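Visitor: Last residue of the sequence shown: number 335 in our numbering, and the count goes up by one each step with no gaps. Yeah, the Cβ is synthetic: ideal placement off N, Cα and C, and Gly gets one too. No experiment lies behind these values; they were computed from the predicted model shown. Mind looking over this structure? Questions follow.
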Amino acid sequence: MNIAIDGPAGAGKSTIARLLAKELGLRYLDTGAMYRAVTLEALRKGLSLDDEEELVKMVTSMDLEIVFGDESEGNLLFLGDENITELIRQPEISSQVSTLSKHKKVRDLVSSLQKEIGKSGSIVMDGRDIGTVVMPYAEWKFFLEASVQERAKRRKKQLEEKGLKVDLAELEAQISERDFLDKTRKNSPLIKADGAIEIDTTSLGIEEVVHKLLGLIRED
Ligand code: CDP
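So, in structure tokens, the structure goes:
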């Protein structure tokens with residue numbers, strides 16, 4: 116069984132996808148983490164996030180490894196021997212990843228890897244183009260939404276749990292900007308896939324959403 120979960124930042128996709136995978140005994144892939152890892156490497160190498168050709172060269176020679184961790188830790192990402200799982204969540208990466216992810220050739224490289232992983236067995240994947248591009252054949256497609264105010268609040272809480280202080284208004288502006296870039300880019304923009312079930316999670320807790328999705332899947 117393949118499950119595609121798409122939606123904007125902070126809609127709850129990754130936590131929900133991870134819990135759903137655990138309940139159903141499936142693997143889970145966080146596709147956004149891969150774009151974040153590429154952004155981290157590009158910034159470290161001092162590359163311009165607008166230089167598509169240089170970015171493509173870098174991605175082709177990158178030593179990125181994804182480990183399907185247990186359900187509490189989710190995916191672990193390594194650059195060579197270095198565990199970058201936490202580093203890629205930093206606000207500096209969040210604010211720049213959408214500039215990198217707009218490039219067609221970069222997306223083709225990253226998403227072909229994701230497609231291969233999808234083809235290798237049952238999985239829950241979350242991202243922006245899973246139902247449209249990476250796994251258009253998925254049996255289940257969900258599109259999670261929530262108001263930008265609620266999404267900013269959730270992200271602030273997540274960052275604070277990691278000891279990072281952030282201003283709510285600034286975070287809301289950053290998320291809105293990222294939504295805009297992701298939704299308006301030319302190459303595989305964030306849109307609801309044909310046949311996807313849309314769920315507004317603004318007033319729903321994580322457990323409620325997971326329960327709802329499991330209910331739909333199991334009663335089928
Ligand atoms: O966790 P959060 O919702 O903040 O974002 P993410 O899933 O880690 O994705 C980070 C960024 O990567 C997104 O804002 C998109 O620009 C890009 N992305 C994408 O283009 N396609 C995907 N399948 C997943 C992420």
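Under 8 Å between the Cβ atoms of residue 240 and residue 154?
Guide: Within the sequence shown, numbered from 1, the residue matching residue 240 stands at position 125. Within the sequence shown, numbered from 1, the residue matching residue 154 stands at position 39. Not closer than 8 Å, so no.
Visitor: Give the secondary structure of residue 252 by DSSP, where H, G and I count as helix, E and B as strand, and everything else as coil.
Guide: As a working mapping, residue 252 is identified with position 137 in the sequence shown. Correct three-state label for residue 252: coil.
Visitor: When the cut-off is 8 Å and only beta carbons count, does residue 243 lie next to chain B?
Guide: Absence of chain B from the displayed structure is noted, only one protein chain being present.
Visitor: Does the region 116-136 come close enough to the region 305-313 to have 3 or more Cβ pairs within less than 8 Å?
Guide: Of all C-beta pairs linking the region 116-136 to the region 305-313, three or more are shorter than 8 Å, placing the two stretches in contact.
Visitor: Can we count residue 297 as close to the ligand CDP, meaning its CB is less than 7 Å from some heavy atom?
Guide: One-based indexing of the sequence shown puts residue 297 at position 182. Yes, Cβ of residue 297 sits closer than 7 Å to a heavy atom of the ligand CDP.
Visitor: By DSSP's criteria, residue 259 is part of a beta bridge. Which residues make up the other side?
Guide: Numbered from 1 along the sequence shown, position 144 holds the residue referred to as residue 259. Answer by DSSP bridge pairing, in chain order: 314.
Visitor: Who pairs with residue 341 in a beta bridge, going by DSSP?
Guide: Outside the shown range of the chain, which is 116 to 335, sits residue 341, and nothing can be said about it.
Visitor: On the three-pair Cβ rule with 8 Å, is the region 163-180 touching the region 266-273?
Guide: no
Visitor: Under the assumption that residue 224 contacts residue 175 (Cβ atoms under 8 Å), give the Cβ distance between them as a whole number of angstroms.
Guide: As a working mapping, residue 224 is identified with position 109 in the sequence shown. As a working mapping, residue 175 is identified with position 60 in the sequence shown. Confirmed, about 7 Å.
Visitor: Would you kindly work out how many angstroms separate the C-alpha atoms of residue 301 and residue 219, rounded to a whole number?
Guide: Position 186 of the sequence shown, counted from the start, is the residue given in the question as residue 301. Position 104 of the sequence shown, counted from the start, is the residue given in the question as residue 219. Answer to the nearest angstrom: the Cα atoms are 8 Å apart.
Visitor: Just to confirm before moving on: does the CB-CB distance between residue 204 and residue 303 stay below 8 Å?
Guide: On the sequence shown, residue 204 is found 89 positions in, with the first residue counted as 1. On the sequence shown, residue 303 is found 188 positions in, with the first residue counted as 1. It is not a contact, given that the beta carbons lie outside the stated cut-off.
Visitor: CB residue 226 to CB residue 142, shorter than 8 Å?
Guide: Taking the sequence shown and counting its residues from 1, one reaches residue 226 at position 111. Taking the sequence shown and counting its residues from 1, one reaches residue 142 at position 27. No, the pair does not count as a contact, with Cβ atoms beyond the cut-off.
Visitor: On a Cα-Cα basis, can you pick out the residue from 282, 253, 318, 295 that is closest to residue 332?
Guide: Start at 1 with the first residue of the sequence shown, and residue 332 comes out as number 217. If we check each option's Cα against that of residue 332, 253 comes out closest.
Visitor: Suppose you measure from the CA of residue 177 to the CA of residue 281; what does that come to, to the nearest Å?
Guide: Counting from 1 along the sequence shown, the entry for residue 177 is found at position 62. Counting from 1 along the sequence shown, the entry for residue 281 is found at position 166. Cα to Cα, the separation comes out at about 31 Å.
Visitor: For residue 193 and residue 180, I'd like the C-alpha separation in whole angstroms.
Guide: Here residue 193 is taken as the residue at index 78 of the sequence shown, counted from 1. Here residue 180 is taken as the residue at index 65 of the sequence shown, counted from 1. Whole-angstrom Cα-Cα distance: 5 Å.
Visitor: Just to confirm the assignment: which complete beta strand (DSSP E) runs, minimum length 3, are found wholly within the region 270-322?
Guide: 312-315
Visitor: Whose C-alpha, out of 168, 144, 126, 284, is nearest the C-alpha of residue 188?
Guide: Locating residue 188 in the sequence shown gives position 73, counting from the first residue. For residue 188, the nearest C-alpha among the options comes from 144.
Visitor: Given residue 116, which residues of its chain have a CB within under 6 Å of its CB, disregarding the five upstream and five downstream residues?
Guide: One-based indexing of the sequence shown puts residue 116 at position 1. Excluding positions up to five away in sequence, the list reads 237, 254.
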